[in-house]
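Position 389 of the sequence shown, counting from 1, maps to 388 under numbering that gives the first Met the number 0, and the rest follow consecutively. All C-beta atoms in this analysis are idealised placements derived from N, C-alpha and C, irrespective of residue type, glycine included.
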Amino acid sequence: MLKGKHIILGITGSIAAYKAAYLLRLLIKRGAEVQVVMTPSGKEFITPVTLSSLSGKPVVSEFFTANTGEWHSHVDLGLWADALLIAPATAATIGKMANGIADNMLVTTYLSCKAPVFVAPAMDLDMYAHASTQRNLDMLRSYGNHIIEPATGELASHLTGKGRMEEPEKIVEILDRFFETSKPLSGKKVLITAGPTYEKIDPVRFIGNYSSGKMGFALAEACAEAGAEVMLVAGPVSLKTNHSSIDRIDVESAEEMYRAVLSEYDRSDIAIMCAAVADYAPETVSDVKLKRTGEDRILRLRPNPDIAAELGRRKRPGQCLVGFALETNDEEMNARLKMEKKNLDFIVLNSLRDAGAGFQCDTNKVTVIGKQGEPMEIPCKPKIEVAADIVDIIGRYVSEDR
Ligand code: PMT
């Protein structure tokens, strides 16, 4: 969960500072990018050289570098961060944070930080229990900061009592859980259709289309990455899924897709219909291979169920239904008509007139049209990136009060 996350690790002057090196290593191992910021007294307990060699970045502790005069911007640091973790946090630093006493780089960074803040106090029991420390911690809580309670348990009570900094493994676990549950689709169940459908004519022939499934599979990955549990109903494609939060039902025909989707829809919060479903299927399917006769042959077709329209009819308040439209002309008007007719919340329009868009290719260029607001254009880029943008839009929509 910490992969690619930008974390500022603030280290203050406590004997527990030696554990910060291990904590830093754990964060880096989990894929986080870490910038260490130390208070002047933090440097008395552990050297910046150890920390900068572990993080691969120079440690920041002063407002500017003495010999070059280079200014360290606490504002830029605060904007860069996905989280600020202060571990160990002394009573003095906690007091300064609570009261806005910005007399060092760490507290200054804290005051300009927009990201969530985690504070792991480290001190002896009496200092920790003191009314002043407790009041300051309460103030930090009231600012929305997360206090990582000091370690308890046998070891802690034998040695120094409650006040000892929580173990690095536990701190990393807390951050991990925080990022997991703060993802835009965490706790959501998403149903996705992908690929073409094949409508059998006889044992060797079918009616199909050019859909490769790439767009739908990219959406499944992007939703899983955003914290959702995904059920992917896939037509006949040769693609694999990678994410452990993706379950998959493979189908061939529109009728099979319809049944699979309906069996999953009630437990879904979001449904994204990306499949290119055949609108018609042969009325009869021959058991044997049809022979060439030299005569004209008439294939009678019957309409397939419209899966998205049926979901639109069954949609509960709070459920979000997204359709796709691949158009060749009057694109926006046709897409809007489909959105209306199928009772969709959004329709994602791709046009065969755009280079690098639509079937088969690894890129797409789409316009996301909602019932309200201006259409949102997503420029031509890899389908996985387009999918991430679409998921972003859906994530914002489902988090709104509707
Ligand atoms: O798979 P790729 O090669 O990556 O290509 C992606 C794609 C081009 C197939 C995809 O981006 C896309 O546009 N899919 C929808 C294709 C389409 O033209 O759909 P439609 O206009 O026939 O249908 C509109 C909507 O109703 C779609 O959400 C479709 O899934 C749904 N539908 C249509 C017919 C039907 N019987 N049941 C449905 O659910």
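One thing to note: Gly68 has its Cβ no nearer than 8 angstroms to the Cβ of Met122. Burial state of Val276 is buried, judged by a 10 Å Cβ sphere holding 16 or more other Cβ atoms. Judged by beta-carbon spacing, Gly12 lies within the 8 angstroms limit of Ser40, meaning their Cβ atoms are closer than that value. With a beta-carbon spacing of about 45 angstroms, Ile191 and Leu136 fall beyond the 8 angstroms limit used to define contacts. If you draw a 10 Å sphere on the C-beta of Glu220, you find 16 or more other C-beta atoms in it, and that means buried. One Cα belongs to Thr132, the other to Gly99, and the distance between them is close to 15 angstroms.
In the DSSP annotation of this structure, Leu238 is not part of any alpha helix (DSSP H), being labelled neither H nor E. Out of Glu263, Met256, His71 and Asp265, the CA that lies nearest to the CA of Ala274 is found in Met256.
In this structure, the straight-line span from the alpha carbon of Lys337 to that of Ile346 is close to 8 angstroms. Straight through space, the alpha carbons of Lys314 and Glu251 are spaced by roughly 25 angstroms.
The three-state secondary structure of Cys222, taken from DSSP, is helix. Beta-bridge annotation (DSSP): Glu326 is paired with Ser350. Sixteen is the threshold: when 16 or more other Cβ atoms of the shown chains lie within 10 Å of the Cβ of Asp344, as they do, the residue is buried. Beta-bridge partners assigned by DSSP to Tyr279: Pro302.
Ranking Asp75, Phe62 and Asp268 by CA distance to the CA of Asn103 puts Phe62 first.
Under the criterion of beta carbons closer than 8 angstroms, Leu83 and Thr108 qualify as touching, at roughly 7 angstroms. Between Val365 and Leu351, the CB-CB gap reaches or exceeds 8 angstroms.
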